[in-house]
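Trainee:
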Amino acid sequence: MAAVPFLLVGKAVAASAPPYASGFIIRLFVLLLPALATAATATVLFAWARVVGFGVSLSLLVGLLYGLSMAWPYSRMFFAEPLKTLLLVLCAYGVRREERWWWVVAGGAAGAALTVKIQALLVLPCLAGYALLGCWRGSVRESTAALMGRVALGGAGLALPAGLLLLYHTLIFGSPFKTGYGGLDPSQVLDANWKEGLYGLLFSTGEGLLIFSPSVLLGVVGVGFRWRQQWRESLLALAVLAVALAFYCRFTAWYGDGSWGTRYLSFVLPFLYLPSAGLLAAVAARGRRQPIIPVLAGGLIVVTLLIQLLPILANSNTYLQISDTHARVVNPVASPLVGHLRLWWERAGEWWLRIAPPAGTAVLRDGFSYSEGDRTRGEVLPRWTYDRAEVRLYPFSTGVPLDGRIVVGDHRPWPLPRADFSLRLDGQPLDGVQRTDTTGQNVVWELRFRLAPEQVHRGAVLTVQSDTWNPDDVTEENPRDEDLGVRVETMEFVQGEQVLALHEALPIPTVKRDRRELWLWYYDTPRHHLFDAWLWYVLVAGLPLPTVVLLLVLIGVPAVAMVGVGGWGLGTHMNGANRAGLDPS
1335 MAAVPFLLVG
1345 KAVAASAPPY
1355 ASGFIIRLFV
1365 LLLPALATAA
1375 TATVLFAWAR
1385 VVGFGVSLSL
1395 LVGLLYGLSM
1405 AWPYSRMFFA
1415 EPLKTLLLVL
1425 CAYGVRREER
1435 WWWVVAGGAA
1445 GAALTVKIQA
1455 LLVLPCLAGY
1465 ALLGCWRGSV
1475 RESTAALMGR
1485 VALGGAGLAL
1495 PAGLLLLYHT
1505 LIFGSPFKTG
1515 YGGLDPSQVL
1525 DANWKEGLYG
1535 LLFSTGEGLL
1545 IFSPSVLLGV
1555 VGVGFRWRQQ
1565 WRESLLALAV
1575 LAVALAFYCR
1585 FTAWYGDGSW
1595 GTRYLSFVLP
1605 FLYLPSAGLL
1615 AAVAARGRRQ
1625 PIIPVLAGGL
1635 IVVTLLIQLL
1645 PILANSNTYL
1655 QISDTHARVV
1665 NPVASPLVGH
1675 LRLWWERAGE
1685 WWLRIAPPAG
1695 TAVLRDGFSY
1705 SEGDRTRGEV
1715 LPRWTYDRAE
1725 VRLYPFSTGV
1735 PLDGRIVVGD
1745 HRPWPLPRAD
1755 FSLRLDGQPL
1765 DGVQRTDTTG
1775 QNVVWELRFR
1785 LAPEQVHRGA
1795 VLTVQSDTWN
1805 PDDVTEENPR
1815 DEDLGVRVET
1825 MEFVQGEQVL
1835 ALHEALPIPT
1845 VKRDRRELWL
1855 WYYDTPRHHL
1865 FDAWLWYVLV
1875 AGLPLPTVVL
1885 LLVLIGVPAV
1895 AMVGVGGWGL
1905 GTHMNGANRA
1915 GLDPS
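Numbering (this note's numbering), first residue to last: 1335 to 1919.
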């Protein structure tokens, strides 16, 4: 339901764009929900730290620690976790406030969290205990009165979302206490080895919380600092972590695949980061006497930031498609941390080949489908061409003849006519090509040619031109919906005694104008995007210029405005602290 406004705006914008881009544009707007939820969570965390008694600078750092943790990648995924986390943190913040209307907000946030994901129920006892700790007034009578007031007002806020949730369960599942998980047998889904699950949730190189967000250690250690100031928040953090670990370490799918790090512990992050304020305050006070402590803390923060950049550089779903689940979780070499770095490095090299290819290379540049060779060994062939497949030649030296050999297969099914294909050089027909039918059946052809010295220059464009056929139109047995030319089996270029190295620089194949193509375009393995960011996608998707401008305005301008509002708010807080004679740090 929370995504409906974004869905409607996306549909309205998509109505003015080409039909093939509809799903792409709608998805951009719907994904604003988790992004805004994560930003709001960091803001509430900042306000929570301020209420606990920390200065503006420390509170801001706590919010940034959360925002630059695993929460950042999750802000770009349409999971329930970002919104659930926001509501749970808002509930805790409301409980901490003394104003009565905040207790109503706290109850409403708790109920809304249940409607987002029923597993939020795990945290509610912890939040109830946090509320109880905040009610102590020095005497039993005053404490009881404070507790009853909070229970009454919190219950009033809880009533509406909880009532709607129970009604929904009744209408959909036949009972107010049946959920969408009602068909699962607890004895089957909660029978994992708890030691394995506990280790995996915290330390595994594929999912571990401390591996993917090492700066959370600042919060864990911070529990013991400024105890008088933040003892309630420290106990809450430990309780939330303990409850989450106790439940999910027995869950058979504790790794929460399809995510970055341990998705099931992502809601714990803001609660753990809040106590880091106590540690950071101590670090600020003792930093000059013990400089190693700020260095270690800063190192954890920087490493955490670099880890979160990996799924920003390469979409996390891409690596999921080319790796094994078990290996990702247990094998450090197959960890997403290693896999994403390797994946992006390969893509960066591929893009560099487009910009500055070295001498002695032949580069597939455009008009080729994906490689059908062994991708783990870097095989760029065999692969199909489209109507015009371009190879750029970068010889060892100019003015020296170059010999070429290309083997193509014409594997069109009967009764389609044989392919009509030819070679062109720099846009002109290439003369002197020797064609040999290697099978005698007009299926596999060997093409040999020699480029004269005057034809050999850096960046010469060799084109394999062919008429096309579409397997999806010809047979139901092959769902491949591409307009294909011929299948290139072998491609060799020799200059003197030296062989040109064959590479591909096809980061983003031409987008076909169908809805399904652009929908998968983000993370489909043949699409080698250099960044996994909405701005990149908008600029390289081949959308009409008016659509690009509209998207940049509708998404970019509000984003810049929010940064400005945030800066103004921080300035206001700092000035207020200075006027009150308080330490803004």
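Using N, Cα and C, we set each Cβ at its ideal position, and we do this for glycine too.
Under 7 Å, do GLU1724 and ASP1708 count as touching if we go by C-beta distance?
Mentor: No, the pair does not count as a contact, with Cβ atoms beyond the cut-off.
Trainee: Spatial neighbours of VAL1386 within its chain, please: CB distance less than 8 Å, with the 5 preceding and 5 following residues excluded, ordered by chain position.
Mentor: ARG1430, GLN1563, GLN1564, GLU1567, LEU1608, ALA1611.
Trainee: Can you tell me whether PHE1358 is buried or exposed? The criterion is at least 16 other CB atoms within 10 Å of its CB, across all chains shown.
Mentor: The residue is buried, with at least 16 neighbouring Cβ atoms inside 10 Å.
Trainee: Give the secondary structure of VAL1347 by DSSP, where H, G and I count as helix, E and B as strand, and everything else as coil.
Mentor: Looking at VAL1347 - three-state DSSP - the assignment turns out to be helix.
Trainee: Which same chain residues, not among the five before or five after TYR1890, have their C-beta less than 8 Å away from its C-beta?
Mentor: Position check: residue 1890 holds Gly in this sequence, whereas Tyr was assumed. Only LEU1869 meet the Cβ criterion.
Trainee: Find out if the Cβ-Cβ distance for the pair GLN1799, ARG1758 is shorter than 7 Å.
Mentor: Yes, the Cβ-Cβ distance between GLN1799 and ARG1758 is below 7 Å.
Trainee: Please classify GLN1642 as buried or exposed, where buried requires at least 16 other C-beta atoms within 10 Å of its C-beta.
Mentor: Flag for GLN1642 reads buried.
Trainee: Please say whether LEU1698 and GLU1838 have beta carbons closer to each other than 7 Å?
Mentor: Yes. Within cutoff.
Trainee: Would you be able to state if there are at least three C-beta pairs under 8 Å between the stretch 1592-1605 and the stretch 1527-1543?
Mentor: Yes, the stretch 1527-1543 touches the stretch 1592-1605.
Trainee: Once the 5 residues before and after GLY1468 are set aside, which same chain residues still bring their CB inside 7 Å of it?
Mentor: VAL1429, ARG1430, ARG1566, listed in sequence order.
Trainee: Give me the residue from SER1549, VAL1338, LEU1570, PHE1380 with the minimum Cα distance to VAL1364.
Mentor: Of the candidates SER1549, VAL1338, LEU1570, PHE1380, the one whose C-alpha sits nearest the C-alpha of VAL1364 is VAL1338.
Trainee: Determine the DSSP secondary structure at ARG1849, reduced to helix, strand or coil.
Mentor: Confidence at ARG1849 is low in this model, with a pLDDT of 49, below 50, so the placement of that residue is unreliable and no value is reported for it.
Trainee: Out of ASP1737, ALA1893, ARG1769, state which residue places its alpha-carbon closest to the alpha-carbon of GLY1830.
Mentor: When each option's Cα is compared against that of GLY1830, the closest is ASP1737.
Trainee: Ignoring anything shorter than 4 residues or poking outside the stretch 1363-1435, list the alpha helix (DSSP H) runs there in chain order.
Mentor: 1366-1386, 1390-1401, 1405-1408, 1415-1430, all fully within the stretch 1363-1435.
Trainee: Using a Cβ distance threshold of 8 Å, determine whether the stretch 1628-1639 contacts the stretch 1575-1590, with at least three qualifying pairs required.
Mentor: Contact between the stretch 1628-1639 and the stretch 1575-1590 is absent, because fewer than three Cβ pairs lie under 8 Å.
Trainee: From the DSSP output, read off the bridge partner residues of TYR1728.
Mentor: For TYR1728, which the question treats as bridged, DSSP gives the partners THR1695.
Trainee: Looking only at its own chain, which residues have a Cβ that is under 8 Å from the Cβ of ALA1893, when we skip the five neighbours before and after it?
Mentor: Cβ within range, chain order: n/a, list empty.
Trainee: How should ARG1849 be labelled, buried or exposed, when 16 other C-beta atoms within 10 angstroms of its C-beta is the threshold for buried?
Mentor: Any reading at ARG1849 must be qualified, since the residue scores a pLDDT of 49, below 50, and its modelled position is unreliable; the value itself is stated next. Burial call: exposed.
Trainee: Just to confirm, are ARG1560 and ALA1615 a CB contact at a threshold of 7 Å?
Mentor: Yes, the Cβ-Cβ distance between ARG1560 and ALA1615 is below 7 Å.
Trainee: Taking the alpha-carbon positions, what's the PHE1585 to LEU1532 distance?
Mentor: Those two C-alpha atoms are separated by around 10 Å.
Trainee: To test your reading of the DSSP string, which unbroken alpha helix (DSSP H) runs of 4 or more residues are found completely within the stretch 1814-1900?
Mentor: Fully enclosed alpha helix (DSSP H) runs of 4 or longer: 1849-1853, 1868-1874, 1879-1885.
Trainee: Output the residue ranges of the beta strand (DSSP E) runs that lie fully inside the stretch 1640-1705 and measure 3 residues or longer, sorted by chain position.
Mentor: You should have 1695-1705.
Trainee: Rounded to the nearest angstrom, what separates VAL1602 and THR1419 at their Cα positions?
Mentor: Between VAL1602 and THR1419, the C-alpha separation is close to 8 Å.
Trainee: Grouping DSSP H, G and I as helix and E and B as strand, with all else coil, what is LEU1535?
Mentor: If DSSP states are grouped into helix, strand and coil, LEU1535 belongs with the helices.
Trainee: Let me confirm a value: HIS1863 is counted as buried when at least 16 other C-beta atoms fall within 10 Å, else exposed. Which label applies?
Mentor: HIS1863 is buried by the Cβ-count criterion.
Trainee: Within 10 angstroms of its Cβ, does GLY1898 collect 16 or more other Cβ (buried), or is it exposed?
Mentor: By the 10 Å Cβ count, GLY1898 comes out exposed.
Trainee: Just checking, does the stretch 1366-1377 make contact with the stretch 1399-1414 on the three C-beta pairs under 8 Å criterion?
Mentor: Touching, per the Cβ criterion.
Trainee: Can you grab the Cα-Cα spacing for the pair LEU1687 / GLY1694, in whole Å?
Mentor: So the two alpha carbons sit approximately 12 Å from each other.
Trainee: From the DSSP output, read off the bridge partner residues of GLN1799.
Mentor: Partner(s): ARG1722, SER1756.
Trainee: Which of helix, strand or coil does DSSP assign to LEU1750?
Mentor: Coil.
Trainee: How far does the beta strand (DSSP E) with ARG1620 in it extend, from its first residue to its last?
Mentor: ARG1620 -> not in any beta strand (DSSP E); alpha helix (DSSP H) instead, spanning 1610-1620.
Trainee: Please report the residue range of the beta strand (DSSP E) in which THR1770 lies.
Mentor: Unbroken beta strand (DSSP E) run through THR1770: 1768-1771.
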